[in-house]
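Accompanying notes for the structure given below.
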Amino acid sequence: AQKVTQAQTEISVVEKEDVTLDCVYETRDTTYYLFWYKQPPSGELVFLIRRNSFDEQNEISGRYSWNFQKSTSSFNFTITASQVVDSAVYFCALTMEYGNKLVFGAGTILRVKS
Amino acid sequence: NAGVTQTPKFRILKIGQSMTLQCTQDMNHNYMYWYRQDPGMGLKLIYYSVGAGITDKGEVPNGYNVSRSTTEDFPLRLELAAPSQTSVYFCASSSNGIPYNEQFFGPGTRLTVL
Numbered sequence: 040a041q042k043v044t045q046a047q048t049e050i051s052v053v054e055k056e057d058v059t060l061d062c063v064y065e066t067r068d069t070t071y072y073l074f075w076y077k078q079p080p081s082g083e084l085v086f087l088i089r090r091n092s093f094d095e096q097n098e099i100s101g102r103y104s105w106n107f108q109k110s111t112s113s114f115n116f117t118i119t120a121s122q123v124v125d126s127a128v129y130f131c132a133l134t135m136e137y138g139n140k141l142v143f144g145a146g147t148i149l150r151v152k153s
Numbered sequence: 558n559a560g561v562t563q564t565p566k567f568r569i570l571k572i573g574q575s576m577t578l579q580c581t582q583d584m585n586h587n588y589m590y591w592y593r594q595d596p597g598m599g600l601k602l603i604y605y606s607v608g609a610g611i612t613d614k615g616e617v618p619n620g621y622n623v624s625r626s627t628t629e630d631f632p633l634r635l636e637l638a639a640p641s642q643t644s645v646y647f648c649a650s651s652s653n654g655i656p657y658n659e660q661f662f663g664p665g666t667r668l669t670v671l
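Chains as they are written, first to last, in the working numbering: chain Z, 40 to 153; chain D, 558 to 671.
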């Protein structure tokens, strides 16, 4: 069975701190896809990044970076120099090669204080 | 493009009542999904559709029904509302079944059953 675990229920940081959100996944498939979504206080889900299982290259987009390690089944998300606008719930999700059904983690609430 | 729209935004139901949550997308996407989000939990898939006239169950389909008569619309029906169906419901769409394609989410419907 597929499973995504986000062990950090809630994280609080002060503005400009760096913060890493952890994501650990389980799957028996060799081909799979990982996603991160952001849910700001307004409630909608915003797509941040996707990664397939054959591409372990880390990615950086502005203040955001992602570290994908198949050896530890992890796909962690780091925000550098956090800002108040980063306050949101962040979800990690997994889908397999066939079908397009996302399996979500429970989410991590990030609170960035000024 | 409006993207994925959902109505209503909020609704309170009494136990045993029925209602339909509406979802419309204007991106000509073939795939559409319904998820529910319970507090402290990730999103769970209720039903999905790969095209007009074709629907299938997700992880938590009990108590719900769907139909897909057009590409644009994917309504979710609750026949006999129960307190366990108190949740936030999200509709999503994607262009096809390729797992690499991200899903676009609507703003959600917050449903309370008393």
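Note that beta-carbon positions come from the ideal geometry of N, C-alpha and C, so glycine has one too.
Beta carbon proximity, residue i to chain Z, threshold 8 angstroms
i: D:Q579; result: no
i: D:L635; result: no
i: D:G615; result: yes
i: D:M589; result: no
i: D:Y605; result: yes
i: D:L602; result: yes
i: D:F631; result: no
i: D:M598; result: yes
i: D:P618; result: no
Three-state secondary structure assigned by DSSP to residue i
i: D:S555; result: Past the edges of chain D, shown from 558 to 671, lies residue 555 of chain D, and the structure says nothing about it.
i: Z:K55; result: coil
i: D:K601; result: strand
i: D:D595; result: coil
i: Z:S154; result: There is no way to answer for residue 154 of chain Z, as the model of chain Z reaches only from 40 to 153.
i: D:N622; result: strand
i: D:Q579; result: strand
i: Z:K140; result: coil
i: Z:R67; result: coil
i: D:D630; result: strand
i: Z:A127; result: strand
Close-in-space but distant-in-sequence residues of the same chain around residue i (CB under 8 angstroms, 5 per side omitted)
i: Z:S113; result: D61, C62, V63, Y64, N106, F107
i: Z:D57; result: T117, I118, T119, A120, S121
i: Z:I50; result: V58, L60, T147, I148, L149, R150
6 angstroms CB neighbourhood of residue i in its chain, flanking five on each side removed
i: Z:P79; result: A127
i: D:M589; result: S606, F631, S650
i: D:R634; result: T577, N622
i: D:T564; result: Q579
i: Z:S153; result: E54, V123
Cβ shell of residue i (< 7 angstroms), same chain only, five flanking positions each side left out
i: Z:V151; result: V52, E54, S121, Q122, V123, D125, S126
i: D:N653; result: N587, Y588
i: D:K601; result: Y592, R593, E616, V617
i: D:F647; result: Y592, Q594, L600, F662, G663, G665
i: D:G610; result: R625
i: D:Q642; result: G620, L635, L668, V670
Through-space distance from residue j to residue i, alpha-carbon basis
i: D:C580; j: D:N558; result: 15 angstroms
i: D:I572; j: D:T669; result: 10 angstroms
i: Z:F86; j: D:S644; result: 21 angstroms
i: D:G599; j: Z:G144; result: 5 angstroms
i: Z:S104; j: D:N585; result: 32 angstroms
i: D:G665; j: Z:S100; result: 27 angstroms
i: Z:I88; j: Z:V142; result: 15 angstroms
i: D:A639; j: D:Y604; result: 18 angstroms
i: Z:F93; j: Z:K109; result: 9 angstroms
i: Z:Y71; j: D:Q574; result: 40 angstroms
i: Z:R67; j: D:L570; result: 41 angstroms
i: Z:L73; j: D:G597; result: 20 angstroms
i: Z:E83; j: D:D613; result: 24 angstroms
i: Z:K35; j: D:G608; result: Beyond the ends of chain Z as shown, which are 40 and 153, falls residue 35 of chain Z; an answer cannot be given.
i: Z:T44; j: Z:C131; result: 8 angstroms
i: D:E659; j: D:L637; result: 33 angstroms
i: Z:K42; j: D:G560; result: 29 angstroms
i: D:T562; j: Z:W75; result: 22 angstroms
Chain D contact for residue i (CB, 8 angstroms cutoff)
i: Z:L149; result: no
i: Z:K140; result: yes
i: Z:F93; result: no
i: Z:E98; result: no
i: Z:L73; result: no
i: Z:G146; result: yes
Within-8 angstroms CB hit, residue i to chain B
i: D:F567; result: The structure shown has no chain B; the protein chains it does contain are Z and D.
Unbroken alpha helix (DSSP H) runs of length 4 or more, entirely within the stretch 92–125 of chain Z: which are they? Counting whole runs of 4 or more residues, the stretch 92–125 of chain Z contains no alpha helix (DSSP H) stretch at all.
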